[in-house]
Amino acid sequence: MTDAILDIRGISKSFGALKASDDVSLDLRAGEIHALIGPNGAGKSTLIAQIAGSLKPDTGEVWLEGRNVTLDGPVARAQAGLGRTFQISSLAMEDTVLQNAVLGALGARHRAPGLWRPVMKQADLRDTAMAALSEVGLDEFAHFRTADLSHGQRRQLEVAVALTLKPHVFLMDEPMAGLGADGSALLVNFLHGLKSRAPILLVEHDMDAVFQLADRISVLVYGRIIATGTPDEIRANSQVREAYLGEEDDA
Amino acid sequence: MRREPLINALIVVGLLAVPLWAYMADEPYVITLTTKVVILALAGVGLNLALGLGGLVSLGHAMFFGIGGYAAGILASHAQSYDPIMEWPFLIEGTQSMPVIWLLAIVVSALVALATGALSLRTSGVYFIMITLAFGQMFYYFTISWPAYGGEDGLSIYVRDHFPGLNTLDPIQFYGLCFVILLLALFVVARLARSGFGLALNAARQNEARVRAVGIEPYRLRLMAFIISGAITGLAGALYADLNRFVSPTMFSWQTSGEIMVFVILGGVARLFGPVAGAALFILLEEVLGGLSEYWHIYLGALLLIVVLFARGGLIGLLAGQGKGDDDD
Amino acid sequence: MNLILLIEQLLNGLQFGVMLFLMAAGLTLIFGVMGLINLAHGSLYMVGAFAAAAVAAATGSFTLALIASLAAAALAGVIVEIVVIRRLYDRDHLDQVLATFALILIFSEGTRWVFGSFPLYLDVPAALSGAVALPFGINYPAYRLAIIGFGLLVALAMYLLITRTRIGMRIRAGESDREMIGALGVNISVLYTAVFALGAALAGFAGALVGAIQSVQVGMGEPVLILAFVTIVIGGIGSIRGAFVGAVLVGLTDTMGRVLLPVLFGTFMDPSSATAVGAALASMSIYILMAAVLLIKPTGLYGSA
Chain X
10 MTDAILDIRG ISKSFGALKA SDDVSLDLRA GEIHALIGPN GAGKSTLIAQ IAGSLKPDTG
70 EVWLEGRNVT LDGPVARAQA GLGRTFQISS LAMEDTVLQN AVLGALGARH RAPGLWRPVM
130 KQADLRDTAM AALSEVGLDE FAHFRTADLS HGQRRQLEVA VALTLKPHVF LMDEPMAGLG
190 ADGSALLVNF LHGLKSRAPI LLVEHDMDAV FQLADRISVL VYGRIIATGT PDEIRANSQV
250 REAYLGEEDD A
Chain G
22 MRREPLINAL IVVGLLAVPL WAYMADEPYV ITLTTKVVIL ALAGVGLNLA LGLGGLVSLG
82 HAMFFGIGGY AAGILASHAQ SYDPIMEWPF LIEGTQSMPV IWLLAIVVSA LVALATGALS
142 LRTSGVYFIM ITLAFGQMFY YFTISWPAYG GEDGLSIYVR DHFPGLNTLD PIQFYGLCFV
202 ILLLALFVVA RLARSGFGLA LNAARQNEAR VRAVGIEPYR LRLMAFIISG AITGLAGALY
262 ADLNRFVSPT MFSWQTSGEI MVFVILGGVA RLFGPVAGAA LFILLEEVLG GLSEYWHIYL
322 GALLLIVVLF ARGGLIGLLA GQGKGDDDD
Chain P
1140 MNLILLIEQL LNGLQFGVML FLMAAGLTLI FGVMGLINLA HGSLYMVGAF AAAAVAAATG
1200 SFTLALIASL AAAALAGVIV EIVVIRRLYD RDHLDQVLAT FALILIFSEG TRWVFGSFPL
1260 YLDVPAALSG AVALPFGINY PAYRLAIIGF GLLVALAMYL LITRTRIGMR IRAGESDREM
1320 IGALGVNISV LYTAVFALGA ALAGFAGALV GAIQSVQVGM GEPVLILAFV TIVIGGIGSI
1380 RGAFVGAVLV GLTDTMGRVL LPVLFGTFMD PSSATAVGAA LASMSIYILM AAVLLIKPTG
1440 LYGSA
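Chains as they are written, first to last, in this note's numbering: chain X, 10 to 260; chain G, 22 to 350; chain P, 1140 to 1444.
This is the structure we're talking about:
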């Protein structure tokens, strides 16, 4: 178990009578993509919020690189090496694409932002930001206002900002959503190359992408993990087929 | 096409030309009026840092304006009466030296901003508005009921405070002093806006979760912005006291907070020179409309409504157009 | 300090609190349902007071004056809502603050224009002008007692309106989900206008009631508005119960602070400085109360996160 970079140990969270997370355990090992799937209302958002630190679990623990971060908020977890992307693009829309990426690079310094030196003239920040933008193919759009980007480009920028943090773990919340076939295929390729830098916990609706990419898959239904295994194991799992994939077959 | 720098330059030229003309034409009243514009603009520049860049809708900035004013008033009144402020544990005497007064105004405003900001920034949105308004009102009532420094009647500064090497009683020299301070404050705020702090603060206004996710705590940025903002508005208060040679609890009133905010909005929120344009427009309206009707606030109210409902960029937004996305500087 | 004086002051504090509740209830309702922060609420209070004073002067009837205050404030509320406020529901708080600040300017100067700068006076009705003998030999002004009664009645009516009636159900639904209530086929803009008018009428009513104790003048609304804000911050925005508890707390703290603090300081200071320090501190007491509540519960006593 020593190779678990991110280790979620038996976390539960209830809202009144609703058990949104029910004794969820999940780990992420070096070099892998671990996908989390589940039907709508399975409690994925609640689980992500607890992993990212914006929500505290009622019981259970979250460990990051051998450190218990359960009580840390999102700021501390980002500093501890968690790089997340949001399901709904969460960017400074009035700023330029480059400014958003520089913000990430600024956060990665792990110290209070300076008050005096012009931030956009600092070569190290700019370089980190431009490198991340060109990795996701947004370098030509660096000087666009973020609000003027297409939906798909905003998704790419989300990933680029996470890259600037040079995280030890990626937490990606539906990065493919709304990308279209071409965009998805590009991102699948990209994530495949990315996992050797840092493992990825991938929450995704796009089943083709998940089964193509994931080394392991966990299935969340009604707040519980009903199965964890390789894509082949998950495909073969009757419980999963019944609870979840069955719906897909009908569609 | 970026017209905003051109407009800013024109504003600076105007602030130089009008008083110079008034000086030549021997119109001291116009110089005093322009001085008022510059000082109120400075107060607005302070608020604009919190409001425009930080998105902190503070309706309590009168508290800093008043603190700065009373710093000047109290120090001067002790100096005038040769009565030390305190003798124990160490002697503190009053002073009529502007640099000392300004320092005190800045430090006390910053400390009060730290205390009130630390509390009110625990909340957000409409709570923040109401709480800052309430803290401002607290100072207002406190100055009214505290009899030592004039209570409701306020304090007079019989002779304007001094600045080394200048005759501050000469309107044009006092104007020059205020003008230089405004330019300095604009420079500081421009630097802050372009720094990493400014980038993160502005991003936190637009999307708080984004800033947290890169490992930066918005609360600290906002508290810092609130403190610097309060200090600048406090400095403006000290100058305003010297302009009028009088301070009163009115400086702390909610109307003052509202008016400072109106300068910022009339000129254009988050525009560097917005408060300057706004303060100039405000004083111009006060002079022109105030001359036409005793009830000119009705027209001011109507104008403000129109700006808020239909012309959200304010004066500079109207002249310079939208689209201020630039990252080259 | 004798007991009778203390009880009298407690009643004064309660009366003040009840009056604050009338303001705060409308504010918190309007914020809760429409998400609007309304600085012009104090202007509606002033409109009610002026309408009452004018009608009382013309007819000599206090009852008519009260009805006029309700009607005038509600009417002003409806007009303002239709012309300005409804354009602000989807705007950010800054726009709401500015637009309603502009409304204050227009209302205040408009009132000064019509009525002049001198205060008007509204007499307490003859039937309530005396004192009522309470137990322990306390004589308390009947009018103030009536205000307390009126206020408690309004609080009860508000409670019943929100919890027991169809319109209350709609208000509560609007609070939780604007879209849903629209989907239910309720005419949301009529509902919003009605809620705003209700809040306005309560404010105007409070203005008229207080106008008979204090003077009726331009600018009377804003100090009360700010106290109502403090009340709401303490009670929790959007909660009627919070508004009530907050209002009573603020009323009692302010009144008792003014009475007790100088006495307290008098036990170890000379009388004149005790009065000065006590009065200065008393003027800050409710804000200190607010700060204390915020430290413990940033969303107020009954506020949800």
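Here a beta-carbon is modelled for each residue, glycine too, at the ideal position from N, C-alpha and C.
Here MET1429 (chain P) is near VAL1369 (chain P), since their CB atoms are less than 9 Å apart.
The C-beta of GLU238 (chain G) comes closer than 9 Å to at least one C-beta of chain X. Counting the other Cβ atoms within 10 Å of the Cβ of LYS130 (chain X) gives fewer than 16, which makes it exposed. Going by C-alpha positions, ILE1327 (chain P) is about 23 Å away from VAL1236 (chain P). Separation of the CB atoms of ILE17 (chain X) and ASP36 (chain X) is rounded to 7 Å, and the pair is thereby assigned contact status at 8 Å.
Between PHE1189 (chain P) and LEU1259 (chain P), the CB-CB gap stays under 9 Å.
9 Å or more divides the Cβ of GLY113 (chain X) from the Cβ of THR94 (chain X). In the three-state scheme derived from DSSP, where H, G and I count as helix and E and B as strand, LEU1214 (chain P) is classed as helix. With the criterion set as a beta carbon lying under 9 Å from some beta carbon of chain P, the members of the segment 79 to 92 of chain G are LEU80, in sequence order. When DSSP reads this structure, GLY92 (chain X) sits in a beta bridge with X:PHE179. With three or more CB-CB distances shorter than 8 Å, the segment 230 to 248 of chain G counts as touching the segment 98 to 109 of chain X.
Taking the C-beta atoms as reference points, MET1162 (chain P) is found nearer than 9 Å to LEU1364 (chain P).
Counting only runs of at least 4 residues, the segment 1390 to 1418 of chain P fully encloses no alpha helix (DSSP H) element at all. Put simply, the CB of VAL235 (chain G) is near chain X, with a gap under 9 Å to one of its CB atoms. About 7 Å separates the beta carbons of THR164 (chain G) and TYR91 (chain G), which is inside the 8 Å limit, making them a contact pair. Contact of LEU100 (chain X) with chain G is assigned, a C-beta pair being separated by under 9 Å.
When DSSP reads this structure, PHE24 (chain X) sits in a beta bridge with X:LEU27.
Contact of ALA1413 (chain P) with chain G by beta-carbon distance below 7 Å is absent, the smallest such distance being about 12 Å. Put simply, the CB of TRP72 (chain X) is far from chain G, with every gap to its CB atoms at 9 Å or more. Counted as a single uninterrupted DSSP element, the beta strand (DSSP E) harbouring SER227 (chain X) occupies residues 225 to 230. Annotation: Cβ neighbours of PRO122 (chain X) in chain G (cutoff 8 Å, chain order): SER216, GLY217, PHE218, LEU220, ALA221, ILE237, LEU242.
Scanning chain X for C-beta atoms nearer than 8 Å to the C-beta of ASN228 (chain G) yields SER99, LEU100, ALA101, MET102, reported in chain order.
Ranking P:ILE1287, P:GLY1338, P:ILE1245 by CA distance to the CA of GLU1147 (chain P) puts P:ILE1287 first.
Identification of residues in the segment 104 to 137 of chain G having a C-beta nearer than 8 Å to some C-beta of chain P yields an empty set. The criterion of a C-beta distance shorter than 9 Å is satisfied by SER99 (chain X) and GLU167 (chain X). For ARG233 (chain X), the enclosing beta strand (DSSP E) has its first and last residue at 233 to 238. Bounds of the beta strand (DSSP E) holding LEU210 (chain X) are 209 to 212.
The Cβ atoms of LEU242 (chain G) and VAL66 (chain G) lie no closer than 9 Å to each other. The beta carbons of ILE281 (chain G) and LEU77 (chain G) sit no closer together than 9 Å. Following the DSSP letters along the chain, one finds TYR170 (chain G) in no beta strand (DSSP E), marked with neither H nor E.
If you ignore the 5 residues before and after THR137 (chain G), its C-beta comes within less than 6 Å of the C-beta of PHE156, all in its own chain and listed in chain order. Taking the C-beta atoms as reference points, MET84 (chain G) is found no nearer than 9 Å to SER1422 (chain P). Straight-line spacing of the CA atoms in VAL1334 (chain P) and LEU134 (chain X) works out to 52 Å.
For VAL268 (chain G), the beta-bridge partners assigned by DSSP are G:LEU176. Just so you know, the alpha carbons of ALA252 (chain X) and MET1308 (chain P) end up roughly 38 Å apart.
Rounded to whole angstroms, the gap between the alpha carbons of GLN1353 (chain P) and GLU1361 (chain P) is 15 Å.
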